[in-house]
Amino acid sequence: MIRPSPRHVQGGGNRRVAFVLSGGGSLGAVQIGMLRALFENGIRPDFLVGTSVGAVNASWIAGRPDHDGTLELQDIWLGLRRQDVFPISPLTSAAGLLGRSNHFISNESLRRVLEKHVPFERIEEASLPLHVVATDLKSGRAAVLASGPAIPALLASCAIPGVFPPVTIGRREYVDGGVANHTPITVAIELGADEIYVLPVGYPWLNREPTNALGMALHALARIVEQKLDAEVAAHRDSTSIHVMPALDLADVSPADFSRTRELIDWGYRSAKRALSAGNGRTVLPEKAKKTLRLSPAEAA
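Residue numbers for the sequence shown follow our numbering, so the first one is -10 and each next one is one higher.
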């Protein structure tokens, strides 16, 4: 369900500041560096909106909304390995390949990571309002989970179709929020944000020519996501100040590779610091906001 975010003073004055965090698997490590830079510059959110791994990072910050909390999240990331999130099981993979299952990887390992580290049990218990974006599997529309048990909501937001199983909440099934809304700027606007800091992860493979079918598909998908982000920013440049942190465009890292987390964090930190020093990143003052997204309420248990 959509829960209006109460007004806070953290953003300064009466302006409501939102952090919007996109998905991207292990590339979500760049958001840790960006968060460090934002907090060091005295920029704090009044509420957070996240999709997929961005929802996981947002959940921690919603529970520990300060610089020390970001450093703790960094330590958690540095301790993660691929098998903690994407464990490969021959039996599960075979079942998926043979059509006996709708996924290749169990979400039990990811569940254990979330249960160990998420600092609250229910979304509404977070120190700051948290809005987790998932996709209603039946309708294909975005749903914002703003109350109810946190772990199922985060598992739903991270449920990459075909990779992880859909997650049932109430009487509905949900999959990865990135399917419907990879970088949910419109959600933050509909929730009343006056100023938005967008923390994208970027797509390293955009910088190389596709050499096979998979590479071509990833390249095309990344272009679609990139263009949708640019279109949403441009569509709202008269109503809301939107600051897009620089997306990753240098390293060649797979979204399932957790071996270069330190490098990604450092890249995110340095690029965000430079952007903030130069004038708050790619700052756009969006056009009159339009209700371009009808959000489906989630039946949170």
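Ideal Cβ placement from N, Cα and C applies to all residues, glycine included. Just so you know, these numbers come straight off a predicted model, no measurement behind them.
(request) Please list, in chain order, all residues of the same chain as D255 whose beta carbon is under 8 angstroms from its beta carbon, the five residues on each side excluded. (result) Here residue 255 refers to the residue found at position 266 when the sequence shown is read from its first residue. Within the same chain, D255 has close Cβ partners G22.
(message) Can you look up P138 in the DSSP assignment and give me helix, strand or coil?
(response) As a first step, residue 138 is located in the sequence shown; it is residue number 149 there, counting from the start. Of the three classes helix, strand and coil, the one that applies to P138 here is strand, per DSSP.
(request) Output the distance between the C-alpha atoms of I185 and H56, rounded to the nearest integer angstrom. (result) As a working note, residue 185 is residue 196 in the sequence shown. As a working note, residue 56 is residue 67 in the sequence shown. Answer to the nearest angstrom: the Cα atoms are 19 angstroms apart.
(message) Using 8 angstroms as the cut-off, can you tell me whether the region 105 to 124 makes contact with the region 27 to 43, which would need three or more C-beta pairs spanning the two stretches below that distance?
(response) yes
(request) Out of E252, S98 and H232, point me to the one whose CA is closest to L265's CA. (result) Along the sequence shown, read from residue 1 onward, the residue named residue 265 stands at position 276. For the residues E252, S98 and H232, the minimum Cα distance to L265 belongs to H232.
(request) Report the option in N30, L103 and T40 whose CA atom is closest to the CA atom of V168. (result) In the sequence shown, residue 168 corresponds to position 179, counting from 1. Of N30, L103 and T40, the smallest CA-CA separation from V168 is found for T40.
(message) Going by DSSP, what residue range makes up the beta strand (DSSP E) through D165?
(response) Reading the sequence shown from its first residue, position 176 is the one you call residue 165. It spans R161 to D165 - the beta strand (DSSP E) in which D165 sits, taken as one unbroken run.
(message) I need the straight-line Cα distance from L203 to R53, nearest angstrom please.
(response) Residue 203 sits at position 214 when you count from the first residue of the sequence shown. Residue 53 sits at position 64 when you count from the first residue of the sequence shown. With a pLDDT of only 46 at L203, under 50, the local geometry of the prediction cannot be trusted, and the value read off the model is given with reservation. Each residue's alpha carbon lies about 39 angstroms from the other.
(message) Once DSSP output is grouped into helix, strand and coil, what is the label at L203?
(response) Counting from 1 along the sequence shown, the entry for residue 203 is found at position 214. Bear in mind that the predicted position of L203 carries a pLDDT of just 46, short of 50, making it unreliable; the figure below should be weighed with that in mind. Helix, per DSSP.
(message) Could you give the first and the last residue of the continuous alpha helix (DSSP H) run that contains V19?
(response) Mapped onto the sequence shown, residue 19 falls at position 30. Secondary structure note for V19: its alpha helix (DSSP H) is the uninterrupted segment A18 to E29.
(message) Relative to the C-alpha of L134, which candidate in V45, D73 and E252 has its C-alpha closest?
(response) The sequence position of residue 134 within the sequence shown is 145, counting from 1. Per the Cα distances, V45.
(message) On the DSSP bridge list, what partners appear for T124?
(response) Sequence index remark: in the sequence shown, residue 124 carries index 135 (1-based). When beta bridges are read from the DSSP output, T124 appears opposite A131 and V164.
(request) May I have the straight-line CA-CA distance separating S95 from P189, to the nearest angstrom? (result) To locate residue 95, count along the sequence shown from 1; it is residue 106. To locate residue 189, count along the sequence shown from 1; it is residue 200. Using only the alpha carbons, I get a separation of about 26 angstroms.
(message) Within 10 Å of its beta-carbon, does E221 have 16 or more other beta-carbons around it, so buried, or fewer, so exposed?
(response) Taking the sequence shown and counting its residues from 1, one reaches residue 221 at position 232. Taking all protein chains in view, the Cβ of E221 is crowded by 16 or more other Cβ atoms within 10 Å, so the residue is classified as buried.
(request) Alpha carbon to alpha carbon, how far is R161 from R71? Give it in angstroms, no decimals. (result) By one-based count along the sequence shown, residue 71 stands at place 82. By one-based count along the sequence shown, residue 161 stands at place 172. When rounded, the distance between both Cα atoms is 29 angstroms.
(message) With distance defined between alpha-carbon atoms, name the residue in V176, I77, H225 and E61 nearest to V107.
(response) As a working mapping, residue 107 is identified with position 118 in the sequence shown. Checked all of V176, I77, H225 and E61; the closest Cα to V107 is E61.
(message) I'd like the list of long-range same chain contacts for R25, defined as Cβ closer than 6 angstroms, with 5 residues on each side in sequence excluded.
(response) In the sequence shown, the residue the question calls residue 25 occupies position 36. If we look at R25 and ignore the five residues flanking it on each side, its Cβ neighbours are T59 and Y258.
(message) Determine whether the beta carbon atoms of V19 and G191 lie at a separation below 9 angstroms.
(response) Working through the sequence shown from its first residue, we reach residue 19 at position 30. Working through the sequence shown from its first residue, we reach residue 191 at position 202. In this structure, G191 lies closer than 9 angstroms to V19 by Cβ.
(message) What would DSSP say about T40, mapped onto helix, strand or coil?
(response) Locating residue 40 in the sequence shown gives position 51, where the first residue counts as 1. Reduced to three states, the DSSP call for T40 is strand.
(request) Check each candidate in K105, V187 and F247 and name the one with the smallest Cα separation from L218. (result) Locating residue 218 in the sequence shown gives position 229, where the first residue counts as 1. Of K105, V187 and F247, the residue nearest in Cα terms is V187.
(message) DSSP three-state label for E215, please.
(response) Mapped onto the sequence shown, residue 215 falls at position 226. In this structure, E215 counts as helix in the three-state DSSP scheme.
(request) Tell whether a beta-carbon distance below 9 angstroms holds between S136 and G166. (result) The residue given as residue 136 occupies position 147 in the sequence shown. The residue given as residue 166 occupies position 177 in the sequence shown. Taking 9 angstroms as the Cβ cut-off, S136 and G166 do not qualify as a contacting pair.
(message) Tell me the rounded alpha-carbon separation between N30 and H225.
(response) As a working mapping, residue 30 is identified with position 41 in the sequence shown. As a working mapping, residue 225 is identified with position 236 in the sequence shown. Cα to Cα, the separation comes out at about 25 angstroms.
(message) Suppose you measure from the CA of N269 to the CA of V176; what does that come to, to the nearest Å?
(response) Position 280 of the sequence shown, counted from the start, is the residue given in the question as residue 269. Position 187 of the sequence shown, counted from the start, is the residue given in the question as residue 176. Since pLDDT at N269 reaches only 47, below the 50 mark, its modelled position is unreliable, and the value read off the structure follows with that caveat. Going by the C-alpha atoms only, they are around 21 angstroms apart.
(request) Kindly identify the DSSP beta-bridge partner or partners of G191. (result) On the sequence shown, position 202 is the one that residue 191 refers to. Its beta-bridge partners are L237.
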